[in-house]
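Encoded as structure tokens, the structure appears first; notes follow it.
There are 2 protein chains.
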Amino acid sequence: MTQTDAPEPPRLLPPQLRRAWGMPQQPGKRGRRPSLELETIVAQAAGLADTGGMASVSLVRLADALNVTTNALYRYVDSREELDVLLREYALADPPLTATTDDWRAATREWAGALRERYLRHPWLADLTLTVPITPNALGWLEALLAALESSPLPAPDILRAATLLDGYVRFQFITQRDLGAWTEHPLSDRDVVEQVAPLIDARGYRRVAALFGAGQYQEPTIATHDADFEYGLERILRGIAG
Amino acid sequence: MTQTDAPEPPRLLPPQLRRAWGMPQQPGKRGRRPSLELETIVAQAAGLADTGGMASVSLVRLADALNVTTNALYRYVDSREELDVLLREYALADPPLTATTDDWRAATREWAGALRERYLRHPWLADLTLTVPITPNALGWLEALLAALESSPLPAPDILRAATLLDGYVRFQFITQRDLGAWTEHPLSDRDVVEQVAPLIDARGYRRVAALFGAGQYQEPTIATHDADFEYGLERILRGIAG
DNA sequence: ACCTGAACACCGTTCAAGT
DNA sequence: ACCTGAACACCGTTCAAGT
Chain A
1 MTQTDAPEPP RLLPPQLRRA WGMPQQPGKR GRRPSLELET IVAQAAGLAD
51 TGGMASVSLV RLADALNVTT NALYRYVDSR EELDVLLREY ALADPPLTAT
101 TDDWRAATRE WAGALRERYL RHPWLADLTL TVPITPNALG WLEALLAALE
151 SSPLPAPDIL RAATLLDGYV RFQFITQRDL GAWTEHPLSD RDVVEQVAPL
201 IDARGYRRVA ALFGAGQYQE PTIATHDADF EYGLERILRG IAG
Chain B
244 MTQTDAPEPP RLLPPQLRRA WGMPQQPGKR GRRPSLELET IVAQAAGLAD
294 TGGMASVSLV RLADALNVTT NALYRYVDSR EELDVLLREY ALADPPLTAT
344 TDDWRAATRE WAGALRERYL RHPWLADLTL TVPITPNALG WLEALLAALE
394 SSPLPAPDIL RAATLLDGYV RFQFITQRDL GAWTEHPLSD RDVVEQVAPL
444 IDARGYRRVA ALFGAGQYQE PTIATHDADF EYGLERILRG IAG
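Line order of the protein sequences matches chains A and B.
Position one of the first sequence corresponds to residue 1 (our numbering), numbered consecutively onward.
Position one of the second sequence corresponds to residue 244 (our numbering), numbered consecutively onward.
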């Protein structure tokens with residue numbers, strides 16, 4: 001007896017995606033009612049991350065903050081990995097509305113600025129493993145960017161590449177600034193260290209790097225320079241795209 | 244009694260940097276001779292990472308592979324964090340020689356290609372936390388890029404920003420391709436899933452994303468398209484920089 | 001069906017020995 | 001000075017209960 005005439009049960013999305021897409025897990029089953037909502041769990045996790053960074057988010061601490069046992073969380077989430085996916089979705093909630101302007105540069109700049117704000121608000125967003133957008137909010141951001149680029153001179157096959165370039169730029173630019181900032185606050189950035197390293201740099205013959213060190217370009221970035229640096233790279237990319 | 248007339252002992256670099264710069268730790272002290280070399284430890288760690296990814300590198304497994312106790316490693320390395328710094332240096336060993344050409348675009352392309360090869364050879368390089376270059380090999384790469392950009396039309400204050408842009412581009416471009424590739428091999432990329440997600444995308448009104456899905460642009464990137472995608476973004480950046 | 005208690009196989013790190 | 005043994009405070013995850 002073959003299986004062919006038994007109608008294929010509609011294959012479900014993997015649970016990870018199902019949850020991210022907000023689909024009910026086991027609709028209408030009965031028994032003890034859950035004491036938590038998935039949303040409050042994710043919100044709590046985001047709160048922990050906002051306060052102490054991604055390093056302070058663990059299932060143990062999360063459960064603790066929710067007054068539950070660690071294991072109880074596995075009723076709501078399949079794994080730590082899925083929690084991360086949901087955290088990403090949380091930070092990307094309410095993607096910007098599709099722009100209606102004809103000025104694709106302005107629309108793209110607006111998009112990039114909005115995404116950058118998400119990173120600034122939830123710096124841990126940069127710590128989540130980059131994944132191909134397949135979840136609703138991530139796709140919402142992609143949709144908005146595609147809309148912005150629609151009036152650009154780009155040929156169709158280049159639009160996704162340009163979108164990837166822009167999305168990646170916002171991300172890595174934020175990371176660079178964040179880590180550079182962390183370094184500046186770090187004891188290692190003491191003038192002392194720079195003075196210690198300088199002769200080593202000279203010894204290696206890195207004269208261009210030495211010049212940068214000498215010019216103090218490695219020190220004390222301010223918010224103003226942060227914004228200017230962000231704009232700089234974005235502008236170059238826009239010009240490059242415009243061809 | 245003040246401390247002022249006691250000559251300040253020459254402040255040493257933090258041990259982390261000292262080791263990365265190859266300076267002897269406690270020169271000439273005597274006692275039991277070390278059974279390991281720092282270099283073999285780092286090489287072994289890199290080997291583990293090459294084989295099983297960054298996730299398979301732990302002090303426990305590393306010590307095991309070296310036939311030592313975990314704690315013994317602390318004679319050579321201050322912390323796991325320092326091991327990561329040294330791993331980065333390992334992957335960036337022998338930075339490219341400073342280019343002598345006048346063609347800054349060609350030189351920059353060459354630089355970017357060389358860095359990309361490092362990522363391809365040691366994919367875990369992308370998993371290490373990005374830090375401000377203060378170690379010899381990282382600075383060597385920066386020096387080479389600054390040299391390449393020297394004949395460009397960039398004003399001096401923009402050179403470091405352009406360098407950051409290029410360095411970041413190679414990194415995030417690699418990450419994007421790697422993760423997209425991992426996703427394509429992943430069961431989630433089944434045609435089934437795409438078919439499952441498609442109606443959800445429609446329901447959200449993401450018509451541009453839906454078009455991409457329909458066109459199959461989300462599927463099966465090849466090495467050829469990888470190279471082409473890399474070139475695409477690099478070319479845009481170069482054009483943007485050239486102004 | 002939910003939640004707990006107990007347990008497992010891992011982490012990185014520290015301390016008090018031994019040689 | 002090096003290395004070991006033992007211990008600590010953490011991880012994520014699984015299983016067998018209890019209600």
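The beta-carbon is built from N, C-alpha and C at its ideal position, and this holds for glycine as well.
> Closest to Y362 of chain B by CA distance: which of B:G483, B:T419, B:V440 and B:Y449 is it?
Replying inline: B:T419
>> Within 10 Å of its beta-carbon, does D84 of chain A have 16 or more other beta-carbons around it, so buried, or fewer, so exposed?
In response: buried
> Any idea what DSSP makes of S299 of chain B, helix, strand or coil?
Replying inline: helix
> Quick one: does W124 of chain A have its CB under 8 angstroms from some CB of chain B?
Replying inline: No, no contact with chain B.
> Are three or more beta carbon pairs between the region 398–405 of chain B and the region 436–445 of chain B nearer than 8 angstroms?
Replying inline: Not touching, per the Cβ criterion.
> DSSP on P7 of chain A, reduced to helix/strand/coil?
Replying inline: Note that P7 of chain A scores 31 on pLDDT, short of 50, meaning its location in the model is unreliable and no value can be drawn from it.
> Nearest CA to the CA of E82 of chain A: which residue from A:A147, A:L59 and A:V68?
Replying inline: A:L59
> Does the separation of the CB atoms of I480 of chain B and R105 of chain A fall below 8 angstroms?
Replying inline: no
>> If the criterion is Cβ atoms closer than 8 angstroms, does the pair A467 of chain B and R421 of chain B meet it?
In response: One thing to note: A467 of chain B has its Cβ no nearer than 8 angstroms to the Cβ of R421 of chain B.
> How should A19 of chain A be labelled, buried or exposed, when 16 other C-beta atoms within 10 angstroms of its C-beta is the threshold for buried?
Replying inline: Here residue 19 of chain A turns out to be Arg, not Ala, going by the sequence shown. Counting Cβ neighbours within 10 Å, R19 of chain A comes out buried, since at least 16 surround it.
>> Can you find the residues in the same chain that come closer than 7 angstroms, C-beta to C-beta, to R116 of chain A, ignoring five residues on each side of it along the sequence?
In response: V170, F174 and F230.
> Are the beta-carbon atoms of L139 of chain A and L166 of chain A separated by less than 8 angstroms?
Replying inline: Not closer than 8 angstroms, so no.
> What does A315 of chain B reach in chain A if we use C-beta pairs closer than 9 angstroms?
Replying inline: Within chain A, not a single residue places a beta-carbon under 9 angstroms from that of A315 of chain B; the smallest gap is close to 26 angstroms.
> Rounded C-beta distance between L38 of chain A and Y76 of chain A? I'm assuming under 8 angstroms.
Replying inline: Right, the Cβ-Cβ distance comes to about 5 angstroms (below 8 angstroms), so this counts as a contact.
> Among B:W384, B:V375 and B:N310, which one has its Cα closest to the Cα of E353 of chain B?
Replying inline: Taking only the C-alpha atoms, the option nearest E353 of chain B is B:W384.
> Given G476 of chain B, which residues of its chain have a CB within under 8 angstroms of its CB, disregarding the five upstream and five downstream residues?
Replying inline: Answer for G476 of chain B: Y412 and Q416, listed in chain order.
>> In chain order, what are the residue ranges of uninterrupted alpha helix (DSSP H) at least 4 long that sit wholly in the region 444–479 of chain B?
In response: Counting whole runs of 4 or more residues, the region 444–479 of chain B contains the alpha helix (DSSP H) stretches 450–458.
> So L87 of chain A and A46 of chain A are in contact, right, with Cβ under 8 angstroms, and what is the actual spacing, rounded?
Replying inline: 6 angstroms
> Hey, does G168 of chain A have any beta-carbon neighbour from chain B nearer than 8 angstroms?
Replying inline: yes
>> Since R451 of chain B and E143 of chain A should fall inside the 8 angstroms C-beta cutoff, what is the C-beta to C-beta distance between them, to a whole number of angstroms?
In response: 5 angstroms
>> Please report whether the beta-carbon of W354 of chain B lies at a distance below 8 angstroms from any beta-carbon of chain A.
In response: No - not a single Cβ of chain A is within 8 angstroms of the one on W354 of chain B.
>> Contact criterion: CB-CB distance below 8 angstroms. Does R331 of chain B meet it with respect to chain A?
In response: no
> Going straight from the alpha carbon of G53 of chain A to that of L373 of chain B, what length do you get?
Replying inline: 16 angstroms
>> Within the continuous alpha helix (DSSP H) that includes T108 of chain A, where are the two ends?
In response: W104 to R121
> Who are the neighbours of W21 of chain A on chain B, taking C-beta pairs under 7 angstroms?
Replying inline: Within chain B, the residues L443 have their CB atoms less than 7 angstroms from the CB of W21 of chain A, given in chain order.
> Given that L142 of chain A touches chain B, what residues does it touch there, using C-beta distances under 7 angstroms?
Replying inline: V452
> Would you call T51 of chain A buried or exposed, if buried means 16 or more other Cβ atoms sit within 10 Å of its Cβ?
Replying inline: Result: exposed.
>> I'd like to know if A390 of chain B contacts chain A, where contact means its C-beta is closer than 8 angstroms to some C-beta of that chain.
In response: yes
>> Please tell me whether R404 of chain B has its Cβ less than 8 angstroms away from any Cβ of chain A.
In response: Cβ-Cβ to chain A under 8 angstroms: yes for R404 of chain B.
> Just reading off the alpha helix (DSSP H) that D321 of chain B is part of, what are its end residues?
Replying inline: Note, D321 of chain B: premise wrong, no alpha helix (DSSP H); not H, not E.
>> Going by DSSP in three states, W264 of chain B sits in which element: helix, strand or coil?
In response: coil
> Which residue's Cα is closest to the Cα of S322 of chain B: B:A357, B:S395, B:A355 and B:V285?
Replying inline: B:V285
>> Tell me which residues share the same chain as A485 of chain B and place their Cβ nearer than 8 angstroms to its Cβ, disregarding the 5 neighbours each side in the sequence.
In response: R348, S395 and P396
> CA-CA distance, W124 of chain A and R33 of chain A?
Replying inline: 32 angstroms
>> Against chain B, does D103 of chain A count as a neighbour if the rule is that its beta carbon must be under 8 angstroms from one of theirs?
In response: no
> Nearest CA to the CA of A122 of chain A: which residue from A:E195, A:G214 and A:A93?
Replying inline: Residue 122 of chain A is actually His in this sequence, not Ala. Checking every option, the nearest Cα to that of H122 of chain A belongs to A:A93.
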